[in-house]
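So the sequence shown is numbered by our numbering: it starts at 83 and just counts up by one.
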Amino acid sequence: MATDIDRYELTWIYICVVALLVLFGVLLYSAYALGIHVETDVGQIHPAQVATTPPFDQPGLRMIGPDHYEAVIVARAWVFDPPEIRVPVGSTVTFKLTSIDVIHGFKIPRTGINRMIVPGQISEVTHRFDEPGTYTFFCHEYCGSGHHIMNGGIVVEPR
Ligand SMILES: [Cu+2]
């Protein structure tokens, strides 16, 4: 009787090991054969040197072309710096994001913008704001006890 139990137990151990190997193989295949990686290949940045590395040494909004702005935002527990951005309606905004501490998120409802902000990585996303109004953005990756208050806004002003 005891040997039957041992045999079933051994079978399940083999199944678990095979499942782990298959999953690990899928991971390696997706990373190296399919090239799937952390969602940004914009660049990397040392989290401890964010405050001294351009463009993150000067967070905020700057114009980079006609009706095109770059919004440099640094995320940390539990604020976005800067928390508010104002652009005229019809503007295209390229967001450049990074974190100095833990993984945060950057989601703007009604725009399709949904990015992870990973320490050490630069995330970038571009969107054109054609409707005036206030677009709240918020962290949607749980980042600690103040996660629920971590938000900001893009105010799209009429011309
Ligand atoms: Cu959060």
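Ideal placement from N, C-alpha and C gives every residue a C-beta, glycine not left out.
- Task: Would you check whether ligand 1 has a heavy atom nearer than 8 angstroms to the C-beta of residue 91?
- Result: The answer is no for residue 91.
- Task: Taking 9 angstroms as the cut-off, decide whether the C-beta atoms of residue 233 and residue 221 are in contact.
- Result: In this structure, residue 233 lies near residue 221, with their beta-carbon atoms less than 9 angstroms apart.
- Message: At a threshold of 8 angstroms, does residue 234 count as lining ligand 1 (C-beta to nearest heavy atom)?
- Response: Proximity of the beta carbon of residue 234 to ligand 1 is not indicated: no heavy atom of the ligand is located closer than 8 angstroms.
- Kindly examine ligand 1 and report whether one of its heavy atoms sits closer than 8 angstroms to the Cβ of residue 225. Yes, Cβ of residue 225 sits closer than 8 angstroms to a heavy atom of ligand 1.
- Message: In the DSSP assignment, the beta strand (DSSP E) including residue 138 goes from what residue to what residue?
- Response: Careful: residue 138 lies outside any beta strand (DSSP E) and carries neither H nor E.
- Write down the C-beta distance between residue 187 and residue 216 rounded to the nearest angstrom, noting that I regard them as a contact closer than 8 angstroms. Under the criterion of beta carbons closer than 8 angstroms, residue 187 and residue 216 do not qualify as touching, at roughly 19 angstroms.
- Message: In the DSSP output, what is residue 262 paired with across the bridge?
- Response: Residue 262 lies beyond the range of the chain shown here (83 to 241); nothing can be said about it.
- Item | Three-state secondary structure (DSSP) of residue 169 | When secondary structure is reduced to three states using DSSP, residue 169 falls in the strand class.
- Query: Can we count residue 94 as close to ligand 1, meaning its CB is less than 8 angstroms from some heavy atom?
  - Reply: Not one heavy atom of ligand 1 lies closer than 8 angstroms to the C-beta of residue 94.
- Task: Let me know if residue 132 comes out buried or exposed under the rule of 16 or more other beta-carbons within 10 Å of its beta-carbon.
- Result: Residue 132 is buried by the Cβ-count criterion.
- Message: By the DSSP assignment, the beta strand (DSSP E) with residue 186 in it spans what residues?
- Response: Where residue 186 is concerned, the enclosing beta strand (DSSP E) stretches over 186-190.
- Message: Using a Cβ distance threshold of 8 angstroms, determine whether the region 88-103 contacts the region 164-174, with at least three qualifying pairs required.
- Response: When C-beta atoms of the region 88-103 are compared with those of the region 164-174, fewer than three pairs fall below 8 angstroms, so the two segments do not count as touching.
- Closer than 8 angstroms: residue 226 CB and nearest ligand 3 heavy atom: No copy of ligand 3 occurs in the structure displayed; its ligands are ligand 1 alone.
- Query: Taking 8 angstroms as the line, does the beta carbon of residue 150 fall inside it for any heavy atom of ligand 1?
  - Reply: Checking the 8 angstroms criterion, the Cβ of residue 150 is out of range of every heavy atom belonging to ligand 1.
- Message: Considering only their Cβ atoms, is the gap separating residue 206 from residue 175 smaller than 9 angstroms?
- Response: No, Cβ-Cβ distance for residue 175 and residue 206 is not below 9 angstroms.
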